[in-house]
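Participant:
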Amino acid sequence: MLTRLKVHGFKNLIAADVSFGPFTCIGGANGVGKSNLFDAILFLSALADKPLMESALSVRSEGGRSGDIRNIFHRIAGHTEQQIGFEAEMLVPRQGTDDLGQEAKASMTFLRYELVLELAPHGLTIRKETLHHITKGEARRHLPFPHSRAWRESVVDGRRTAPYISTEVVGDKTYIKLHMDGGGDYLGGGKPRPHLAERLPRTVLSNATNAAESPTVVLARREMQSWRLLQLEPSALRAPDAYNAPNSMETNGAHLPATLARLAKWRGANRATHELAGGFGSENHKEAVYASIANRLAELIDDVHSIRVEADDSRETLKLMLCDRAGTEHEARSLSDGTLRFLALAILESDPLASGVLCLEEPENGIHPQRIPAMLSLLHDLATNSREAIADTPLRQVIVNTHSPAVVAQVDEDDLLMVAPEITMRAGHRCVKPVFRWLEENWRARVRPDISPLSTGLVLSYLNPVEPVGSEAHRRQRRRRVVDRPQLQGRLFAR
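Following our numbering, the numbering of the sequence shown begins with 846 at its first residue and continues without gaps.
(1) Checking 8 Å against the spacing of the C-beta atoms, do ILE886 and VAL1256 come in under that value?
(2) Closer than 8 Å is the cut-off here; do at least three beta carbon pairs connect the stretch 1240-1252 with the stretch 1294-1313?
(3) Rank ASN857, ALA933, PRO896 and ARG920 by C-alpha distance to the C-alpha of ARG849 and give the top, closest one.
(4) Considering LEU1227, what are the terminal residues of the alpha helix (DSSP H) in which it resides?
(5) Determine contact between the stretch 1264-1274 and the stretch 1223-1233, defined as no fewer than three beta-carbon pairs at a distance below 8 Å.
(6) Would you call the stretch 1163-1183 and the stretch 1193-1209 touching, i.e. three or more CB-CB distances under 8 Å?
(7) For SER1151, I'd like the list of residues in its chain whose CB is within less than 6 Å of its CB, leaving aside the five on either flank, ordered along the chain.
(8) Ignoring anything shorter than 3 residues or poking outside the stretch 1180-1217, list the beta strand (DSSP E) runs there in chain order.
(9) With LYS1131 as the anchor, note down where its alpha helix (DSSP H) starts and where it stops.
(10) Tell me the rounded alpha-carbon separation between GLU1043 and THR970.
(11) Which residue from GLU1258, GLY912, LEU1223 and ALA1057 puts its Cα closest to that of ARG1289?
(12) Which parts of the stretch 1253-1280 are runs of the alpha helix (DSSP H), unbroken and 4 residues or longer, counting only runs that do not cross its ends?
(13) Nearest to LEU1303 by alpha carbon, out of PRO1218, ARG1293 and GLU1285?
(14) Assuming the contact rule is C-beta atoms closer than 8 Å, HIS1024 and PRO1039 should be a hit. Round their C-beta distance to whole Å, please.
(15) Between which two residues does the alpha helix (DSSP H) containing HIS1040 stretch?
(16) When the distance is taken between beta carbons, is ASP943 closer than 8 Å to THR1061?
(17) Use the C-beta contact count for ASN1287: other C-beta atoms within 10 angstroms, 16 or more gives buried, fewer gives exposed.
(18) Taking only three categories from DSSP, how would you classify MET1094?
(19) Roughly how many angstroms lie between the CA atoms of VAL937 and LEU956, to the nearest whole one?
(20) Would you mind listing the beta strand (DSSP E) stretches within the stretch 917-944 that are 3+ residues and don't spill past its ends, in chain order?
(21) Which parts of the stretch 877-910 are runs of the alpha helix (DSSP H), unbroken and 4 residues or longer, counting only runs that do not cross its ends?
(22) In this structure, does DSSP put ALA1114 in helix, strand or coil?
(23) For the candidate residues ASP1002, ALA995 and TRP996, whose alpha-carbon lies nearest to that of THR980?
(24) Helix, strand or coil: which one does DSSP assign to ARG1232?
(25) Compare the C-beta of VAL937 against all C-beta atoms of chain B and say whether one is closer than 8 Å.
(26) In its own chain, which residues sit with a C-beta less than 6 Å from the C-beta of SER903, not counting the 5 before and 5 after it?
(27) Quick one: residues in its chain with C-beta nearer than 6 Å to the C-beta of ALA1234, no 5 flanking neighbours on either side, listed in chain order?
(28) With distance defined between alpha-carbon atoms, name the residue in PRO1331, ALA1084, VAL1280 and HIS978 nearest to PRO1266.
(29) Identify the continuous beta strand (DSSP E) that holds VAL1014 and give its terminal residues.
(30) Tell me which residue opens and which closes the beta strand (DSSP E) that MET1166 is part of.
(31) DSSP has ASN1246 in a bridge; who is on the other side?
(32) Can you name, in chain order, every residue of its own chain whose Cβ lies under 7 Å from the Cβ of ASP1196, other than the five neighbours on each side?
(33) In its own chain, which residues sit with a C-beta less than 7 Å from the C-beta of CYS1276, not counting the 5 before and 5 after it?
(34) Which word fits LYS1018, buried or exposed, when buried means at least 16 other C-beta atoms lie within 10 angstroms of its C-beta?
(35) Could you have a look at VAL1149 and say whether DSSP puts it in helix, strand or coil?
(36) Which term fits ASP1147, buried or exposed, when burial requires 16 or more other beta carbons within 10 angstroms of its beta carbon?
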């Protein structure tokens, strides 16, 4: 779970400082910088898994993927920022596995990761990389969003005095040190391993693959690898799955039938024997899983009676089937894009293996405005419940962005961030940077008392984008708008 992110010098983000709760909705006009914040999160995730250059080239630009790494640096009037800085505070899993399947257990689960990258003639160079712990005593101050003590104590665990990764400058050389925390079982001892920064092709964190040497760094890497952007594609959502297909949903929505089959504890390798994934489950359990997801889907779409996964032994494929209230079954390929998106989110909500940070852009796309409250409820329920201790439920976080006034109007007050442009000076030039603001009396005010809350005028103008009768923009129009009808005016604006 990503609880706070500071970004400087990445695209148009200058001194950005954003605190997140379990569910966060970021609203703002097009082009103001909402997507750049998501790109920063995804860039950090890529850096935990891939080399520096590959990660930088994976960042999207206005025309798609870019072949110039300078595009990820802040630029103004021909001047390119030379450094990008990140600082991320995160909750990591208490245990997990490394790349070889060896068990890792974190010595501390609340961590702060810092990374500074510099633009060099040959590509990117690491100027600073650190990974420190945040103590239990500091946890309450660093988790300012509403939560219970039981929840905090269930996610913040362990103790540590030394850093996990540190940076040391000796003369004109910079060294990134990986500190061991494997305890007495590690035969190599506890001395930190120095790495010359200018020669590093990737972050030290991304190279931590041995659970015996650095279990906490391994789990920090696992956490950052789980930060994903959901871009649900209709073609992927409609596709059937082979019996041996991966049984976890991809970020594009692929493997929906296999994921649902796993949740129902049935992989359908043989319909007669009902082979099960992870042990044999009852028919009642399978039907209960199907019913739970169908009921959730019915909150969003009227004509839903049931769902199931059909196994085709002749083709060795799994197909997702939806039955309407008239008793007619439909394959996934015949369902609407909106229905498939809802179904994917409902399955994700039920999946105990779906953890980490889930980013979603403009979730209102393809949805009737009357369904927005139900959609927001589903997204909110996808996230961890910070009022209850974590047991078998996943630590899952949801961050969405939107430009829709209908979404902003109906999201919970504590969950809303608005992005507003602000003029600043960089390299002697005026430039526009995004500033993240919140409503008055929001919990984020305790974190950033120096940031002014959203003005009432800004909120009103955003929630009511319709130009009033008599305004200059209205007078320029040659035709009467629907909203201008006398029968509607009084009823619309009397509420």
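C-beta: ideal position from N, C-alpha, C; glycine also.
Facilitator: Walking through what the data contain:
(1) Going by C-beta atoms, ILE886 is not nearer than 8 Å to VAL1256.
(2) Verdict: yes, contact present.
(3) The option with the nearest alpha carbon to ARG849 is ALA933.
(4) Residues 1217-1227.
(5) The stretch 1264-1274 is not in contact with the stretch 1223-1233.
(6) Not touching, per the Cβ criterion.
(7) Cβ within range, chain order: ALA1139 and CYS1168.
(8) The stretch 1180-1217 contains these whole beta strand (DSSP E) runs: 1201-1206.
(9) First-last of the alpha helix (DSSP H) with LYS1131: 1128-1143.
(10) Going from the Cα of GLU1043 to the Cα of THR970 covers about 6 Å.
(11) For the set GLU1258, GLY912, LEU1223 and ALA1057, the Cα lying nearest the Cα of ARG1289 is the one of GLU1258.
(12) Complete alpha helix (DSSP H) runs here, min 4: none at all.
(13) Distance check between LEU1303 and each of PRO1218, ARG1293 and GLU1285 places GLU1285 closest, using alpha-carbon atoms only.
(14) A Cβ-Cβ distance of about 10 Å is found for the pair HIS1024 and PRO1039, leaving them out of contact under the 8 Å criterion.
(15) Counting along the chain, HIS1040 falls outside any alpha helix (DSSP H), though it belongs to the beta strand (DSSP E) covering 1038-1041.
(16) Taking 8 Å as the Cβ cut-off, THR1061 and ASP943 do not qualify as a contacting pair.
(17) Burial call: buried.
(18) Of the three classes helix, strand and coil, the one that applies to MET1094 here is coil, per DSSP.
(19) Going from the Cα of VAL937 to the Cα of LEU956 covers about 8 Å.
(20) Whole beta strand (DSSP E) segments, 3+ residues: 928-936 and 940-942.
(21) As far as the stretch 877-910 is concerned, its whole alpha helix (DSSP H) runs of at least 4 residues are 879-892 and 897-903.
(22) In this predicted model, ALA1114 has a pLDDT of only 35, less than 50, meaning its place in the structure is not dependable enough to derive any value.
(23) Checked all of ASP1002, ALA995 and TRP996; the closest Cα to THR980 is ASP1002.
(24) Here ARG1232 sits in coil by DSSP.
(25) The chain inventory of the structure shown lacks chain B, comprising one protein chain alone.
(26) Cβ neighbours of SER903 beyond the five flanking positions: ALA891.
(27) So the qualifying residues of the chain are ALA995, TRP996 and SER999.
(28) Measuring from the Cα of PRO1266, the nearest candidate turns out to be VAL1280.
(29) Counting along the chain, the beta strand (DSSP E) containing VAL1014 begins and ends at 1010-1015.
(30) Counting along the chain, the beta strand (DSSP E) containing MET1166 begins and ends at 1162-1168.
(31) In the DSSP assignment, ASN1246 forms a beta bridge with ILE871 and GLU1206.
(32) The residues are THR1104 and LEU1108.
(33) Excluding residues within five positions, the ones whose Cβ falls inside 7 Å are ILE921 and THR1269.
(34) Looking at its Cβ environment, which holds fewer than 16 other Cβ atoms inside 10 Å, LYS1018 is exposed.
(35) In the structure shown, VAL1149 falls within a coil segment according to DSSP collapsed to helix, strand and coil.
(36) By the neighbour-count criterion, in which 16 or more other beta carbons inside 10 Å mark a residue as buried, ASP1147 falls on the exposed side.
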